[in-house]
Structure formats: structure tokens, C-alpha cells
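In the working numbering, the protein residues as written are 148 to 427.
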């Protein structure tokens with residue numbers, strides 16, 4: 148099982164106020180951070196997760212590396228939304244924090260949420276990526292919100308140049324009806340953590356996204372509740388589709404049944420003629 152120290156970087160710039168993701172870009176990150184922490188701890192309880200923000204005036208460490216989600220949650224609650232994002236400098240500070248981690252046997256990983264315009268040019272990001280690769284730092288990027296072609300091109304170039312044996316990934320998640328955290332579980336960022344994602348196209352019953360309710364309830368009741376709601380929504384959606392499909396099939400079958408009085412057999416017609424003669 149992979150032993151990792153993971154620094155999560157959240158985007159708390161003004162762009163995170165936007166409500167094009169449920170319920171806002173910021174709240175969607177809060178939910179996703181909970182999912183990531185749970186996944187890392189399930190893979191290896193000796194792993195550790197830290198938290199940083201890249202908005203405002205510059206990088207800020209919100210929580211040092213810890214296996215406890217309470218410290219991460221406290222860091223999220225004290226975060227203020229303001230300013231612009233500082234992607235490059237925040238990644239460098241995160242790498243420095245990883246370098247000074249207590250447990251040197253932990254592999255180094257950074258997970259970045261980016262939902263705002265990237266001020267750095269592609270050349271600067273590629274140079275930073277090569278430096279991170281040289282220092283054996285894997286970096287996953289979750290791109291959502293502002294997804295202009297120039298934006299995604301920069302991130303694609305960055306991830307392509309930071310890739311190493313342990314893998315770095317770029318997940319581009321457009322706005323939609325689904326939760327950001329749900330979509331994140333379908334990407335290699337979490338699917339690679341020995342987590343069953345969607346049961347390979349199963350019915351959605353049982354465990355949701357590979358996270359058992361018993362374990363989640365013990366470690367994080369709020370997460371368990373969110374997972375249960377997500378599973379119930381998916382189950383209701385599938386049941387509705389099934390009902391609609393059956394209703395449509397029923398209408399098709401009814402359309403093939405002849406109406407009363409049409410297509411009568413000759414025997415029935417003769418019987419009616421005899422009845423008329425008896426009453427005459």
C-alpha cells in the first residue's frame with residue numbers, strides 16, 4: 148500500500164465564489180478535500196495530508212501534515228475567499244513543506260485545485276514542473292471553473308512535464324449537475340488509489356465509489372451522510388429511467404392491440420345475426 152504525504156492546495160481566489168458548481172466552486176472543493184483525505188487514509192493509515200490555500204496575497208499553510216481530518220477541516224473553515232491565485236509560488240511552498248516532512252519514507256504528492264485564471268505563462272510552469280519531477284514530487288491537478296483553451300493548455304503542459312513513475316494526472320471537470328467530489332472519484336487521481344469507482348458500471352447499490360459506509364461513518368459521519376445521499380440520488384435516477392422505459396414500452400404494446408369492434412371473427416358476427424332473428 149502506498150505511503151504518501153499529500154499536500155492539498157485549494158483555490159480560494161475570488162473566482163471560487165462562482166455558483167456554477169454545487170453549491171459554489173469553493174464549497175465543492177471543501178467536499179472534495181474530505182473525499183481525498185478519506186481515500187488516502189483508507190489506502191494507508193500511516194499516510195498524512197496537509198492543506199494550503201493559494202488565493203489572497205499569497206500561499207498560506209492551513210494545516211501541516213496530519214492523519215486527522217479535524218485539523219484539515221479547521222483549516223478549511225478559517226480560509227477566506229479573496230484575491231487572485233498564486234499557482235507557481237504555492238506549489239513551490241508545498242514542495243518545501245514536503246521536503247521537511249517528518250516521515251521521509253512517505254512519497255511526496257501535491258493535489259492542486261484550480262478554478263481561476265492562471266497568471267503564469269506556459270514556459271514558467273514547464274520549468275517548475277521539471278523542477279518538481281527532479282525532486283520526485285508527483286502533482287495532480289483538478290481543473291474546473293475557468294476552462295478556456297489557454298488555461299487548459301498551460302495545465303496540460305505542466306502535468307506532462309511533471310510526470311514520473313508514480314504518476315501525475317490532470318482532471319478537467321466541467322460544470323454540470325454532478326458534484327465535483329463525485330466526478331473526482333471517476334478520475335485516475337482517486338481511481339488509482341485501489342478504489343472501486345462506480346462498480347465498473349454496476350447498479351450503484353451497496354458501497355458508493357468504493358467507500359464503505361461503516362468505515363466512513365466511524366471516521367467521518369458527515370462524509371458518510373454525503374455518500375449515502377449521493378447513492379440514493381443515483382438509485383432514484385436509475386429507478387425513474389426504468390419506470391419511464393417500462394411506461395414507453397407499455398404504450399407501444401397498447402398501440403398494437405386492436406380496438407373493440409374491429410377485426411371481429413366471422414363466428415361472432417353469425418352469433419349476433421342469430422340473436423337478431425330470435426328477437427324478431
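Backbone N, C-alpha and C define an ideal beta-carbon position, used for all residues, glycine too.
DSSP three-state assignment for residue i, whether helix, strand or coil
i           : result
residue 221 : helix
residue 323 : coil
residue 155 : strand
residue 317 : strand
residue 160 : coil
residue 192 : coil
residue 272 : helix
residue 211 : strand
residue 237 : helix
residue 310 : coil
residue 396 : helix
residue 332 : coil
residue 303 : helix
Where residue i falls, given that 16 or more other Cβ within 10 Å makes a residue buried
i           : result
residue 393 : exposed
residue 283 : exposed
residue 255 : buried
residue 251 : exposed
residue 290 : buried
residue 387 : exposed
residue 356 : Only weak support exists for where residue 356 lies, its pLDDT of 36 falling under 50; the value from the coordinates is given anyway. It counts as buried.
residue 249 : exposed
residue 247 : exposed
residue 296 : exposed
residue 170 : exposed
residue 206 : buried
Beta-bridge pairing of residue i - partner residues as DSSP gives them
i           : result
residue 250 : According to DSSP, residue 250 bridges with nothing at all.
residue 255 : 152, 284
residue 290 : 261, 319
residue 199 : 156, 208
residue 230 : 203
Min CB distance residue i to chain C below 8 Å
i           : result
residue 227 : Reference to chain C is not applicable here, since this structure consists of a single protein chain.
Any non-hydrogen atom of the ligand GTP closer than 7 Å to residue i Cβ
i           : result
residue 193 : Ligands displayed in this structure: none; no statement on the ligand GTP is therefore possible.
* **At least three beta-carbon pairs within less than 8 Å, the segment 264 to 284 to the segment 207 to 218** => no
* **Segment contact, 8 Å Cβ cut-off, at least three pairs: the segment 265 to 276 with the segment 300 to 316** => yes
* **Inter-stretch contact at 8 Å, needing at least 3 Cβ pairs: the segment 188 to 205 / the segment 220 to 228** => yes
* Between the segment 157 to 165 and the segment 186 to 193, are three or more C-beta pairs nearer than 8 Å? -> no
* **Within the segment 166 to 190, ranges of the alpha helix (DSSP H) (whole runs, at least 4 residues)** => 172 to 190
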